[in-house]
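Everything in the sequence shown is counted per my numbering, starting at 238 for the first residue and increasing by one. In what follows, a single structure is set out as structure tokens and then discussed.
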Amino acid sequence: MAFDPGRIETAIGRAARETGHPDAAVAAQVARAVADELGRRGHGRPVAVEQIQDVVESQLNAAGFDDIARAYIIFRQQRAELRTAKRLLGVRDELKLSLAAVTVLSERYLLRDNRGRPTESTGEMMERVAAFVAGAEDTYRAGSSAQWAQRFSELLRGLEFLPNSPTLMNAGTPLGLLSGCVVLPLEDSLRSIFTTLGHTAEIHQAGGGTGYAFGQLRPAGDGVGSGGSASGPVPFLRLFDTAAEVVQLGGRRRGACMAVLDVSHPDIFDFIAAKSGTPAGLAHFNLSVGVTDAFMRAVARGGRHRLINPRTGRTVSEVPAVEVFSAICDAAHRCGDPGLLFLDAINRANPTPDAGRIQATNPCGEVPLLPYESCNLGSVNLAQLVRGGRVDWDRLTEVVELGVRFLDDVIDVNAYPFPELDDASRATRKIGLGVMGLAELLAILGIPYDSARGVRLGGRIAAHIQRAAHAASARLAETRGVFPAFGRSRFATTVPMRNAQVTSIAPTGTISLIAGTTAGIEPMFAIAYTRAILGRHLLEVNPYFDRLTRDRGLYHDELFTEIAQCGGVRGYDRIPAEIQSAFPTAGEIAPEWHLRMQATVQRHVDAAVSKTVNLPATATVDDVRAVYHDAWRAKVKGITVYRYGSREGQVLSFASPEPAVPHVDTAFAGGCVSRFCEF
């Protein structure tokens with residue numbers, strides 16, 4: 238290969254900083270000597286990587302930098318091990334992703350031959366997706382797809398923006414479904430229930446998730462036409478969970494579902510307890526109770542709450558509102574479910590109220606939808622948009638504009654498995670542009686997540702994205718037309734829009750792992766931890782923290798192992814205070830700061846914000862009650878808590894015995910350690 242003096246200097250500089258030689262002149266001096274020696278040996282011919290590395294080591298030793306040479310040797314060994322592991326997976330990785338990302342891509346995303354071997358590289362996957370989605374462009378301007386395929390490819394390969402997982406998996410394949418999730422209707426008849434069950438199977442087979450409102454189903458014990466009695470919503474919930482277990486995308490993805498039950502349903506207590514008593518039950522479902530402002534006010538003033546049969550509309554009984562609320566908080570304290578959906582807040586923002594009242598969301602709660610609407614999601618990687626110690630607002634605008642266009646194109650090339658989904662998705666053309674990497678961006682800028690500065694910047698970024706995204710949708714409307722339901726929407730008397738809904742904050746799940754950044758707007762889950770990869774538990778460190786400690790000369794051989802024993806750096810006196818404050822983990826952040834960040838961002842988002850309020854194992858039911866009540870007052874659209882250790886099988890765990898080392902599953906990227914986001 239032809240050697241690159243710049244890359245040699247970078248590698249030497251890294252080793253020099255690790256060993257207390259931060260002077261850039263050292264790296265430059267040795268790099269020049271290496272280049273001279275390689276020039277003498279090679280006479281212009283290509284040289285092997287191993288030859289280059291051998292010369293680097295010999296020149297470092299000759300210059301008296303034995304300690305830098307040792308650090309360089311270790312770095313060289315680590316890179317060689319990484320290349321070997323990727324070769325074992327059969328993956329060509331020109332994007333230089335993490336081993337965890339390549340492992341997940343190999344298992345779930347990359348195209349394979351009939352023997353199960355990957356047939357595309359990481360970069361080729363991005364090019365496949367870009368080219369397929371850009372095919373929509375020819376509908377509006379013949380011959381323009383190649384130009385947009387190039388622009389989309391650069392965006393994806395640069396990891397500045399990624400779409401939801403089904404788009405990465407299915408673009409240009411026979412499966413063809415590109416939507417992350419769908420809300421499906423459930424009416425009070427066996428025909429409707431089993432029609433929806435069949436549609437669920439089709440969605441899950443293609444890798445999508447599903448959300449449902451179970452509130453139309455008659456309560457347990459109610460009469461049915463055959464003369465018997467109804468089973469109520471909860472047994473049907475178990476039926477759908479079993480179907481999700483059976484129908485998976487070749488075993489590569491969990492079926493992900495959201496079940497919502499209105500707080501006035503007579504079976505609400507059974508629904509609330511549906512997961513808390515059975516740790517392994519309903520493994521594919523997140524649960525949320527749909528609550529109204531009237532219910533929350535009744536809780537606050539000690540009022541009573543009516544339980545109403547949805548079939549007859551008649552009141553079945555009245556109970557103290559606080560009794561229902563306490564049951565919700567107790568169950569959430571025990572297992573993380575149910576969360577709350579604030580239905581009035583959701584419907585105040587419903588862009589098409591004439592089409593019906595929204596009763597359900599996608600599995601992670603960030604996209605409230607009407608029946609048969611789908612969510613086509615993509616996220617901007619904020620960590621890639623820091624230049625010279627500041628947010629690159631101009632590039633952020635450009636990425637947002639490209640992201641909106643990309644997601645609008647997704648709607649056109651999407652292969653919807655049944656016509657109702659096609660019709661509803663095209664009628665409103667809802668998209669969900671969000672973010673990932675907020676916590677990493679704050680750390681790069683040295684701003685604590687749990688600070689007024691951090692929350693203000695989070696809000697400023699969300700507001701900037703909202704303005705840019707709405708402007709991009711309006712420009713598309715000028716050339717492509719408004720969404721078909723525009724005349725019956727809240728936008729009808731304002732600015733023409735291509736999309737009824739533009740922004741949404743997803744937890745990002747796997748795509749943030751691929752991008753190598755933090756999930757959604759969540760804090761870092763740990764600074765150093767072990768991850769299950771290829772049958773081993775490998776130590777991982779937050780990449781920016783790794784670079785920072787080496788650049789600052791703080792690195793030593795045991796540093797990351799010591800940090801991994803507790804997961805975080807706050808209180809670790811070998812790290813300067815300003816770095817400690819910039820790297821809080823989710824469990825170290827007080828609940829009020831989690832909620833302040835969510836509420837601030839929500840003010841600048843069309844749909845909803847998926848966010849978990851992490852609580853320590855010692856948190857009480859009263860702590861959960863306070864978070865849920867404060868969330869309603871803060872006007873968020875949904876809220877989820879998770880008390881550490883309250884559910885078996887959580888994907889982030891601390892090893893035993895002490896010292897505790899955080900351990901995560903292969904695909905875990907952050908967010909809630911109990912609920913999951915596959916998208």
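For every residue, glycine included, the Cβ atom is placed at its ideal position computed from N, Cα and C. Quick caveat, the model's predicted, so the values are computed rather than measured.
Separation of residue j from residue i, as counted between CA atoms
i: S893; j: L415; result: Caution is warranted here: a pLDDT of 41 is assigned to S893, below 50, making its placement in the model unreliable, and the coordinate value is therefore given only provisionally. Their backbone Cα atoms lie some 41 Å apart in a straight line.
i: F451; j: L498; result: 5 Å
i: D645; j: N736; result: 8 Å
i: E610; j: E397; result: 27 Å
i: R642; j: G724; result: 22 Å
i: E895; j: Q296; result: Bear in mind that a pLDDT of 42 at E895, under 50, signals an unreliable position, so the number given afterwards is only what the model happens to contain. Taking the straight line joining both Cα atoms gives about 44 Å.
i: G696; j: V271; result: 48 Å
i: Q703; j: G602; result: 19 Å
i: A480; j: L434; result: 8 Å
i: G250; j: G518; result: 53 Å
i: L454; j: A467; result: 9 Å
i: D350; j: V341; result: 17 Å
i: T247; j: V901; result: 31 Å
i: D182; j: T549; result: There is simply no residue 182 to check, as the chain begins at 238 and stops at 916 in what is shown.
i: H774; j: Y766; result: 9 Å
i: S382; j: E364; result: 13 Å
i: R394; j: A379; result: 25 Å
i: S445; j: D810; result: Before going on, a small fix: residue 445 reads as Gly here, not Ser. Each residue's alpha carbon lies about 46 Å from the other.
i: P721; j: L713; result: 14 Å
i: G465; j: V420; result: 30 Å
Segment limits, beta strand (DSSP E) that includes residue i
i: M673; result: 669-673
i: F522; result: 522-528
i: I545; result: 541-545
i: Y449; result: 446-450
i: H900; result: 899-901
i: A641; result: The question names Ala, but residue 641 is Val in the sequence shown. No beta strand (DSSP E) contains V641, which is instead part of the alpha helix (DSSP H) from 630-650.
i: F579; result: 576-579
CB of residue i within 7 Å of CB of residue j, strictly
i: A386; j: A371; result: yes
i: A823; j: F762; result: yes
i: V500; j: V536; result: no
i: D687; j: P821; result: yes
i: A844; j: Q738; result: yes
i: V846; j: V838; result: yes
i: L622; j: L633; result: yes
i: A582; j: K874; result: yes
i: G674; j: T755; result: yes
i: V940; j: E274; result: In the structure displayed, the chain extends from 238 to 916; residue 940 sits before or after that span and is not available.
i: N613; j: I668; result: yes
i: V484; j: A520; result: no
i: V366; j: A408; result: yes
i: D591; j: F522; result: no
Integer Cβ distance of residue i from residue j, believed to fall under 8 Å
i: G753; j: P744; result: Not a contact, Cβ separation roughly 16 Å.
i: M495; j: T598; result: 6 Å
i: V553; j: P503; result: 5 Å
i: A819; j: G907; result: A819 to G907, Cβ: 17 Å. No contact.
Per-residue DSSP class, three states only, for residue i
i: H436; result: helix
i: T552; result: strand
i: N407; result: helix
i: F655; result: coil
i: T376; result: helix
i: G875; result: strand
i: D783; result: helix
i: C601; result: coil
i: D499; result: strand
i: S196; result: Because the chain here runs from 238 to 916, residue 196 falls outside it and cannot be looked at.
i: E677; result: helix
i: M363; result: helix
i: Y792; result: coil
i: V910; result: Note that V910 has pLDDT 47, beneath the 50 cutoff, so the model's placement of it is unreliable and no number is given.
i: A248; result: helix
i: V732; result: coil
i: G276; result: helix
i: E895; result: Reliability fails at E895, whose pLDDT of 42 lies under 50, so the model's placement of it is uncertain and no value is given.
i: F820; result: coil
i: S662; result: helix
i: N351; result: coil
First and last residue of the uninterrupted alpha helix (DSSP H) at residue i
i: R768; result: No alpha helix (DSSP H) contains R768, which is instead part of the beta strand (DSSP E) from 765-770.
i: T849; result: Run containing T849: none in the alpha helix (DSSP H); it sits in the beta strand (DSSP E), 849-852.
i: H707; result: 689-717
Near the ligand ZN: residue i beta-carbon under 6 Å from a heavy atom
i: V636; result: Of ligands this structure carries none, so the ligand ZN is not represented either.
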